[in-house]
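Here's the structure we're looking at; comments come further down.
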Amino acid sequence: MTIKNIMLGCLYGQAVGDALGLGTEFMNKNEVRKHYPQGLIRYDQIIQDDHRCRWAKGSWTDDTDMMICIMDAFDGTGFNYHAIARNFKEWFNGDPLGIGGHTFKVLCMSDYAEQPEMCSKLWWDLSHHNSAANGALMRTSVVGLAPSYTEEHAETICRLTHYDPRCIGSCVIASSIIHNLVWHNKMLSYDEIRQIGRKYDNRIAEWIGKAYNCSDISLLCLGDTSIGYTLLSLSAALWCYWHAVSFENGLLLTVNEGGDADTNAAIACSILGAKFGYEAIPQYYIENLSKLDEYKAKVSRFINETLNEK
Ligand SMILES: [Mg+2]
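Take 675 as the starting number for the sequence shown in the working numbering and just add one per residue.
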């Protein structure tokens with residue numbers, strides 16, 4: 675596989691997982707079964723309730739919107755952090771469909787674009803250091819595609835909205851997995867991933883272990899508890915990284931668990947796209963993405979700039 679092919683797999687995997695996952699977002703497993711008795715497989719099955727009718731079928735949501743804010747701030751060698759914060763704020767001032775609670779509080783502060791880390795830390799402090807949502811993990815895939823400084827970029831970009839070390843560790847893990855697949859053709863091992871986790875927070879190890887040891891994704895209870903917790907979403911992505919036998923297998927297993935399914939699948943599928951490559955994504959899911967032309971243009975600009983600099 676070429677580097678370009680892996681990058682395309684990662685970026686389209688992100689959007690596809692996000693778009694199909696919207697169909698079961700916030701549902702528990704019983705609700706998923708009720709609304710999709712044969713399973714959710716295609717965008718056109720997505721039910722049109724009050725939450726979901728705000729998006730066209732095949733649309734990605736806030737997860738990929740915010741990933742694009744990061745992608746657009748790539749300057750050829752690295753990411754311009756000020757530009758990312760400005761892009762987040764501009765997105766927030768538009769129509770930030772699907773925005774998470776923690777991200778909303780941080781981005782609504784009037785001086786966010788000038789002092790993003792201060793705003794991010796303030797809301798983490800106000801949560802008594804409990805807030806550890808998956809809002810930074812959901813957008814971190816593109817960080818792993820830059821040629822260098824993966825850890826530094828992942829940490830700093832996470833901290834623009836999410837200050838908790840569990841969030842930062844999640845972002846560094848997901849971005850590093852992708853970076854190693856793209857640039858070194860290497861799968862990070864269980865021990866290597868645990869080592870990264872240990873650097874940030876000792877609560878991360880348990881969730882890495884769960885993902886590695888569970889034979890069935892349903893044992894992670896993605897639809898039942900702690901919806902939106904960064905380590906739960908990380909465990910879904912890691913489960914797919916180790917156990918999914920194909921891109922489609924991981925995509926369908928993840929979205930049919932419900933919970934924060936768009937985010938879980940966005941992260942999982944960005945990793946699966948990097949692992950299995952662009953050609954492994956069934957064309958249906960790419961061709962039927964809403965706003966595909968817009969996405970194509972942004973993705974090719976980013977990939978061309980990245981590879982030209984290398
Ligand atoms: Mg979303």
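Even glycine gets a Cβ: it sits at the ideal position worked out from N, Cα and C.
Note that the coordinates shown come from a computational prediction; the quantities given were computed from them, not determined experimentally.
Item	Value
Exposed or buried, what is Val690 when buried is set at 16 or more other beta-carbons lying within 10 Å of its beta-carbon?	buried
CB of Gly772 to nearest heavy atom of ligand 1: below 6 Å?	yes
Classify Arg813 as buried or exposed, calling it buried when 16 or more other Cβ atoms lie within 10 Å of its own Cβ.	buried
With a CB to CB cut of under 6 Å and the five nearest residues on each side skipped, what residues in its chain are close to Gly687?	Cys943, Ser944, Leu946, Gly947
What's the gap between the Cα of Leu682 and the Cα of Ile852?	12 Å
Under 6 Å Cβ to Cβ from Ala759, same chain only, skipping five residues before and after it: list those, please.	Ala787, Pro790, Leu834
Please report the straight-line C-alpha distance between Ile831 and Cys841, rounded to a whole angstrom.	11 Å
Taking DSSP as the reference, what is the three-state secondary structure of Tyr903?	strand
Hey, quick one: how far does the alpha helix (DSSP H) through Tyr886 stretch, first residue to last?	878-887
Leaving out the 5 sequence neighbours to the left and right, which residues in its chain are closer than 7 Å to Ile680 when beta-carbon positions are compared?	Leu855, Val856, Ala948, Gly951
Less than 7 Å between the beta carbons of Cys782 and Ala810, yes or no?	no
Do Leu896 and Gly843 count as a contact pair if the criterion is CB distance below 7 Å?	no
Can you tell me where the alpha helix (DSSP H) with Asn767 in it begins and where it stops?	755-767
Should Thr814 be counted as a contact of ligand 1 given a C-beta to heavy atom distance under 6 Å?	no
Between Asp739 and ligand 1, is there a pair consisting of the residue's CB and a ligand heavy atom that are separated by less than 6 Å?	no
Do you know whose CA, among Tyr717, Val973, Trp798, lies nearest Met741's CA?	Val973
For Val817, report the span of its alpha helix (DSSP H) as first-last.	Val817 -> no alpha helix (DSSP H), and no H or E assigned at all.
Could you tell me if the beta carbon of Thr735 falls within a distance shorter than 6 Å of some heavy atom in ligand 1?	yes
Taking 8 Å as the threshold, find out whether the region 975-984 comes into contact with the region 770-785 through three or more Cβ pairs.	no
Along the chain, where does the alpha helix (DSSP H) that runs through Trp797 open and close?	790-800
Is Asp936 a contact residue of ligand 1, with contact defined as CB to any heavy atom under 6 Å?	yes
Which term fits Ala806, buried or exposed, when burial requires 16 or more other beta carbons within 10 angstroms of its beta carbon?	buried
Output needed for Lys763: all residues of its chain with C-beta closer than 7 Å, excluding positions within five of it in sequence on either side, in chain order.	Leu781, Tyr786, Ala787
Which residues in the same chain as Gly697 place their Cβ atom closer than 6 Å to its Cβ, once the five residues preceding and following it in sequence are excluded?	Leu714, Ile720
So Ile960 and Glu931 are in contact, right, with Cβ under 8 Å, and what is the actual spacing, rounded?	In fact, because the Cβ distance is near 23 Å, the residues do not count as touching under 8 Å.
Throw me the rounded Cβ distance for the Lys731 and Tyr717 pair, which I believe falls under 8 Å.	5 Å
At the level of alpha carbons, what is the spacing between Thr751 and Thr937?	27 Å
In the DSSP assignment, find the unbroken alpha helix (DSSP H) run with Gly713 in it and report its ends.	From DSSP, Gly713 is part of no alpha helix (DSSP H); its letter is neither H nor E.
Helix, strand or coil: how does DSSP classify Met681 here?	helix
Once the 5 residues before and after Ile847 are set aside, which same chain residues still bring their CB inside 7 Å of it?	Ile867, Ile870, Gly871, Leu908
Start and end of the alpha helix (DSSP H) containing Cys845?	839-858
Straight-line CA distance for Cys727 to Ile941?	23 Å
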